[in-house]
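Undergrad: First the structure, then my questions, so here it is.
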Amino acid sequence: MHKHAFVFLIAALLLPCKTQGADCPQWGGSAARNMVSPEKNLPETFEPGQKKGDSVDLATAKNVKWAVHTGNFSCGTPAIAGGKVFQGAMISGSGVLNCFDEATGKLLWQWIKPCRTDMKENPVDFAFRSVPGQMGVCSTPTVEGDRLYFVDHNARVVCLDVNGRPPAPGATVGEAREIWAFDMYADRNVGTRPSDSTNGSPLIDGDLIYVPTSNGVDRLYASLTKDAARQCFAPKAPNLIVLDKRTGRFLAKDTAPIAANMLHGQWSSPSMGVVNGRKLIFFGGGDGVCYAFNALAKAPAGPVTLKTAWWVNCIPPEYDSFTGMARIVQYCQGIGWRPDTMNKGDGTFAGPSQIIATPVFDNNRVYVAIGRDPSHGRGRGALVCADATQTGDITKTGKIWCYQGLDRSLSTVSIADGLLYIADIAGRLHCLDAETGAVQWIYETHSPILASTLVADGKIYLQTEKYLHILAAGKEMKLLSKINLGAPSWITPVAANGTVYIASKNYLWAVKQ
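Residues in the sequence shown are numbered from 7 upward in steps of one, following the working numbering.
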């Protein structure tokens, strides 16, 4: 399986909560999505223990409260709420959402669905027929009260009862109870056609729930000449929709012109912030542009259109200026695994990229990096700090700074004590001054990174494909420990209630001092 399948982790993705000793019920813990947690007394190392079948021998582990086998493949970020831990996975080709007991790790109930079979015969659906069965549920759930919301592997927005149903007679594991589901693939208001798979964590605001559609283009990689062009098979599909969280009723959609310049897929999640009394929804586009939409004040009686407040092209002009070459051809020339492209895999190729990371809102600024499907390999990236107070096209006026010293990145940033931390696909962790973008230090892991950083308790938790790295946060670079989980991981650590949750592709550890 190509690493393109792993992109939906996005790595981007596990975000911590914002209240010490509290749950982390959604991707980011707050609408701003800053990857920083106030949890204290977290360990600076742990021993994952020896595997015994599908379990871990806790007698051989250290600083581990419990550990569980999550499935054949896991790339979903856990959410922790109400004494339960929720995480997506894949088991035997089906999408799964597991509910574990937070205290013991016991599997309480399980939602499981096979892959859909009603896709049309076209190239984009060819990918969508194969990849979801390899990855399962990638979306990080959002939990509020007794309800849980997530995007499943079939492009449906699903609402579940967090308590599930009791086990059937003779069974030990309970069943999920589905309250409602909205099919973004089949619904005539949306009709999304994802590239590879679906991802994205829902964002709740009052009675409203904002959900990315994962719309994309075909992935046949044929666009290496002027005559070839990738196609967006749902050019009129929205990029972001709004539903009524109580019923799943369709309320609104955006009209941002992303489809016209779509590069591959859309796997970013929305964030939110209040700027000068105006509530905005921030969204990273599959065209490399970060958008801000005016949030709805309440649920409308009928479907409406989200108004675009501003947008900023995060692709530096020099990355997007190949003479006589169509933009999509430029993009495909950056696919590093193809020997017939211009990308030599050394990080110097400077073509266009989309946004996969989640925009982070902090102090009237939005921070977001551009990146790609990790199977495309290395290439020059960029991290933009934008002024969220402006309006309209702010590409020339709203970029406060742009850092170009990193490779392509899937990572959502962490901002703490005036410092910003971000990882890139090449395996480097960059520490910058959040105000100016000036480099403080760079740490080399020598392993690809698809995950984001978690900053908590004066430490930086960073997962690479080979090791979990724990460093001291601050202006001085200091490695505290490096831990082998025994399997690859593309999932960002998350902290809640004095515990750090560390995941590999098959296991989840509850790590506590």
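We treat Cβ as the ideally placed atom computed from N, Cα and C, and that holds for glycine. Nothing here was measured: the structure is a model prediction, and the numbers come from that model.
Based on the DSSP secondary-structure assignment, which residues constitute the bridge partners of residue 91?
TA: Along the sequence shown, read from residue 1 onward, the residue named residue 91 stands at position 85. Per DSSP, the beta bridge partners of residue 91 are 86 and 106.
Undergrad: State the Cα-Cα distance for the pair residue 284 and residue 361, rounded to the nearest angstrom.
TA: In the sequence shown, residue 284 corresponds to position 278, counting from 1. In the sequence shown, residue 361 corresponds to position 355, counting from 1. The alpha-carbon atoms of residue 284 and residue 361 are separated by roughly 24 Å.
Undergrad: Which residues does DSSP list as the beta-bridge partners of residue 268?
TA: One-based indexing of the sequence shown puts residue 268 at position 262. According to DSSP, residue 268 bridges with nothing at all.
Undergrad: Going by Cα to Cα distance, which pick from 42, 180, 220 and 74 is closest to residue 274?
TA: Counting from one through the sequence shown, the residue named residue 274 turns up at place 268. It is 220 whose Cα lies nearest to the Cα of residue 274.
Undergrad: Spell out the partners DSSP gives residue 187 in its beta bridges.
TA: Position 181 of the sequence shown holds residue 187. In the DSSP output, where bridge partners are listed per residue, residue 187 has 164.
Undergrad: Please report the straight-line C-alpha distance between residue 49 and residue 142, rounded to a whole angstrom.
TA: The sequence position of residue 49 within the sequence shown is 43, counting from 1. The sequence position of residue 142 within the sequence shown is 136, counting from 1. It is roughly 31 Å from the alpha-carbon of residue 49 to the alpha-carbon of residue 142.
Undergrad: Could you check which residue in 291, 319 and 51 has the C-alpha nearest to that of residue 518?
TA: Taking the sequence shown and counting its residues from 1, the one referred to as residue 518 is at position 512. Looking at the Cα atoms, 51 is the closest of the given residues.
Undergrad: Label residue 442 either buried or exposed according to how many other C-beta atoms from any shown protein chain fall within 10 Å of its C-beta, with 16 as the threshold for buried.
TA: Reading the sequence shown from its first residue, position 436 is the one you call residue 442. Label assigned to residue 442: exposed.
Undergrad: Compare the Cα-Cα distances from residue 76 to each of 369, 61 and 171 and report the closest residue.
TA: The sequence position of residue 76 within the sequence shown is 70, counting from 1. The shortest C-alpha separation from residue 76 is found at 61.
Undergrad: I need the straight-line Cα distance from residue 427 to residue 467, nearest angstrom please.
TA: Here residue 427 refers to the residue found at position 421 when the sequence shown is read from its first residue. Here residue 467 refers to the residue found at position 461 when the sequence shown is read from its first residue. Here the alpha carbon of residue 427 sits roughly 11 Å from the alpha carbon of residue 467.
Undergrad: Going straight from the alpha carbon of residue 478 to that of residue 437, what length do you get?
TA: Locating residue 478 in the sequence shown gives position 472, where the first residue counts as 1. Locating residue 437 in the sequence shown gives position 431, where the first residue counts as 1. Taking the straight line from one Cα to the other gives about 11 Å.
Undergrad: Taking the CB atoms as reference points, tell me whether residue 100 and residue 509 lie closer together than 8 Å.
TA: On the sequence shown, residue 100 is found 94 positions in, with the first residue counted as 1. On the sequence shown, residue 509 is found 503 positions in, with the first residue counted as 1. Their beta carbons are not under 8 Å apart, which means residue 100 does not touch residue 509 by this criterion.
Undergrad: I'd like the span of the alpha helix (DSSP H) that includes residue 141, first residue to last.
TA: As a first step, residue 141 is located in the sequence shown; it is residue number 135 there, counting from the start. Taken as a continuous stretch (DSSP letters only), the alpha helix (DSSP H) holding residue 141 covers 138-141.
Undergrad: Using DSSP's beta-bridge definition, name the partner residues of residue 432.
TA: Working through the sequence shown from its first residue, we reach residue 432 at position 426. According to DSSP, residue 432 bridges with nothing at all.
Undergrad: At what residue ranges does the stretch 32-82 contain a whole run of the beta strand (DSSP E), taking only runs of 3 or more?
TA: 56-58, 61-63 and 70-75
Undergrad: Less than 8 Å separating the beta-carbons of residue 431 and residue 415?
TA: Here the question's residue 431 lines up with position 425 in the sequence shown. Here the question's residue 415 lines up with position 409 in the sequence shown. Yes, they are a contact pair.
Undergrad: How would you write the range of the beta strand (DSSP E) that residue 408 sits in, first residue to last?
TA: For this step, residue 408 is matched to residue 402 along the sequence shown. That run of the beta strand (DSSP E) goes 405-409.
Undergrad: Is the stretch 324-342 close to the stretch 298-316, with three or more CB pairs under 8 Å?
TA: no
Undergrad: With distance defined between alpha-carbon atoms, name the residue in 463, 114 and 458 nearest to residue 497.
TA: Position 491 of the sequence shown, counting from 1, holds the residue named residue 497. Comparing Cα-Cα distances from residue 497 to each of 463, 114 and 458, the minimum goes to 458.
Undergrad: Count the other C-beta atoms from every protein chain shown that fall within 10 angstroms of the C-beta of residue 345, then say buried if there are 16 or more, exposed otherwise.
TA: By 1-based counting over the sequence shown, the position of residue 345 is 339. Its Cβ having fewer than 16 others within 10 Å, residue 345 is exposed.
Undergrad: In the DSSP assignment, what are the bridge partners of residue 100?
TA: Position 94 of the sequence shown, counted from the start, is the residue given in the question as residue 100. Note: residue 100 sits in a beta bridge opposite 97.
Undergrad: Can you tell me which of 322, 316 and 291 puts its alpha carbon nearest to the alpha carbon of residue 299?
TA: Position 293 of the sequence shown, counting from 1, holds the residue named residue 299. Nearest of 322, 316 and 291 to residue 299, Cα basis: 316.
Undergrad: Determine, using beta carbons only, whether residue 446 and residue 484 come nearer to each other than 8 Å.
TA: Taking the sequence shown and counting its residues from 1, the one referred to as residue 446 is at position 440. Taking the sequence shown and counting its residues from 1, the one referred to as residue 484 is at position 478. No; because the gap between Cβ atoms is not below 8 Å, this pair is not in contact.
Undergrad: Closest to residue 494 by C-alpha separation, out of 282, 71 and 453, would be which residue?
TA: Reading the sequence shown from its first residue, position 488 is the one you call residue 494. It is 453 whose Cα lies nearest to the Cα of residue 494.
Undergrad: Which residue spans inside the stretch 408-480 form an unbroken beta strand (DSSP E) run of at least 3?
TA: 420-422, 425-429, 434-439, 445-450, 460-462, 465-469 and 474-478
Undergrad: Would you list, in sequence order, the uninterrupted beta strand (DSSP E) runs of no fewer than 3 residues that lie entirely inside the stretch 296-374?
TA: Runs found: 314-319 and 366-368.
Undergrad: Measure the alpha-carbon distance for residue 214 versus residue 150 and round it to whole angstroms.
TA: By one-based count along the sequence shown, residue 214 stands at place 208. By one-based count along the sequence shown, residue 150 stands at place 144. When rounded, the distance between both Cα atoms is 12 Å.
Undergrad: For a quick check, are the C-beta atoms of residue 168 and residue 119 less than 8 Å apart?
TA: Stepping through the sequence shown from its first residue, residue 168 is reached at position 162. Stepping through the sequence shown from its first residue, residue 119 is reached at position 113. No, Cβ-Cβ distance for residue 168 and residue 119 is not below 8 Å.
Undergrad: Would the stretch 249-259 and the stretch 275-282 be scored as touching if the rule is three or more Cβ pairs under 8 Å?
TA: no
Undergrad: Where DSSP assigns a beta bridge to residue 221, which residues make up the other side?
TA: Residue numbering aside, residue 221 sits at position 215 when the sequence shown is read from its first letter. Listed as beta-bridge partners of residue 221 by DSSP are 200.
Undergrad: Can you grab the Cα-Cα spacing for the pair residue 377 / residue 38, in whole Å?
TA: Within the sequence shown, the letter at position 371 stands for residue 377. Within the sequence shown, the letter at position 32 stands for residue 38. Cα to Cα, residue 377 sits roughly 20 Å from residue 38.
Undergrad: Quick one: give me the first and last residue of the beta strand (DSSP E) that residue 516 is part of.
TA: Here residue 516 corresponds to residue number 510 of the sequence shown, with the count starting at 1. Counting along the chain, the beta strand (DSSP E) containing residue 516 begins and ends at 513-517.
Undergrad: Rounded to a whole number of angstroms, what is the C-alpha to C-alpha distance between residue 103 and residue 488?
TA: Residue numbering aside, residue 103 sits at position 97 when the sequence shown is read from its first letter. Residue numbering aside, residue 488 sits at position 482 when the sequence shown is read from its first letter. Looking at the two C-alpha atoms, the distance is approximately 29 Å.
Undergrad: Would the beta-carbon of residue 292 fall within 8 Å of that of residue 264?
TA: As a position in the sequence shown, residue 292 is number 286, starting the count at 1. As a position in the sequence shown, residue 264 is number 258, starting the count at 1. It is a contact, given that the beta carbons lie within the stated cut-off.
Undergrad: Which value, in whole angstroms, describes the spacing of the CA atoms of residue 242 and residue 66?
TA: One-based indexing of the sequence shown puts residue 242 at position 236. One-based indexing of the sequence shown puts residue 66 at position 60. Each residue's CA atom was taken as its position, placing residue 242 and residue 66 some 55 Å apart.
Undergrad: Look at the Cβ atom of residue 342, then the Cβ atom of residue 384, and state whether they are nearer than 8 Å.
TA: Position 336 of the sequence shown holds residue 342. Position 378 of the sequence shown holds residue 384. Taking 8 Å as the Cβ cut-off, residue 342 and residue 384 qualify as a contacting pair.
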